[in-house]
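Those letters in the sequence shown? Residues 55 to 171, by the working numbering. Ideal Cβ positions, reconstructed from N, Cα and C, are used throughout, including at glycine. Below is one structure, written out as C-alpha cells, with a few remarks after it.
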Amino acid sequence: MLQRLDRTAADLARASAEDAQGALERLRVAQSLSWETRFTDLLQDLPEPERDEAVGALRSLVEHVRQHASGSGASAGTGGFAVTGDVTMKATHGSVVAGVVNGGVRVDPPKPGPVQD
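Shown next as C-alpha cells:
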C-alpha cells in the first residue's frame with residue numbers, strides 16, 4: 055500500500071508540473087475514487103472493533119492533513135488567482151491593480167488640474 059501511495063504522490067506531482075488542460079484535476083478525481091475504494095474495502099474486511107479504531111485513525115489523519123499540508127486551502131486553475139490568508143492590493147496614481155486580468159487594460163494619463171499660482 056505504501057508503494058501505491060508513493061506512486062500516487064509521484065503521479066500527482068508530475069501532473070501538477072505539467073497541468074495540461076486539467077490533467078491534474080482529472081488525475082485527482084481518479085485517484086480519489088481509487089483510494090476511496092481501497093479504504094472502503096479495507097474497512098469492510100476488518101472486525102468491528104478494529105474498524106472503529108481504523109476509522110478514528112483515518113479521521114485524525116484527514117484533520118491533520120487539512121491543518122498542516124502545504125497547498126491546503128485555496129487553489130486555482132491556469133489563469134486563476136487563489137490565496138490562503140490576506141491579500142492587499144492597492145492602485146495609486148492612476149494605476150491599475152488586479153488579481154487576474156483577462157483581456158487588455160488601458161489607463162489614460164490623468165488630466166491636468168486647474169492652474170495654481
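Cβ-Cβ separation, residue j to residue i (assumed contact under 8 Å), whole Å
{"i": "ALA69", "j": "LEU56", "result": "Contact doesn't hold; Cβ gap of about 20 Å is too wide."}
{"i": "VAL151", "j": "LYS144", "result": "6 Å"}
{"i": "ALA111", "j": "LEU100", "result": "With a Cβ gap of about 12 Å, ALA111 and LEU100 do not count as contacting."}
With 16 other Cβ atoms within 10 Å as the buried cut-off, status of residue i
{"i": "LEU78", "result": "buried"}
Own chain, CB closer than 6 Å to residue i, minus 5 neighbours either side, in chain order
{"i": "ALA130", "result": "ALA136"}
{"i": "ARG105", "result": "LEU97"}
{"i": "GLY153", "result": "PHE135"}
Own chain residues within Cβ distance below 8 Å of residue i, not counting five before or after
{"i": "GLN85", "result": "THR62, ASP65 and LEU66"}
{"i": "ALA123", "result": "none"}
{"i": "VAL161", "result": "GLY148, SER149 and VAL150"}
Same chain, Cβ closer than 7 Å to residue i, neighbours up to 5 away in sequence not counted
{"i": "PRO168", "result": "none"}
{"i": "VAL159", "result": "VAL150"}
{"i": "MET166", "result": "Correcting the residue type first, residue 166 is Pro in the shown sequence and not Met. Here the set comprises nothing."}
Near the ligand NAD: residue i beta-carbon under 8 Å from a heavy atom
{"i": "ARG113", "result": "Absence of the ligand NAD from the depicted structure is noted, as is the absence of any ligand whatsoever, leaving it without description."}
Exercise for the section: Evaluate the contact criterion for the region 57-65 versus the region 79-98: three or more CB pairs, one atom per stretch, below 8 Å. Expected result: Segment contact: the region 57-65 against the region 79-98, three or more CB-CB distances shorter than 8 Å; contact assigned.
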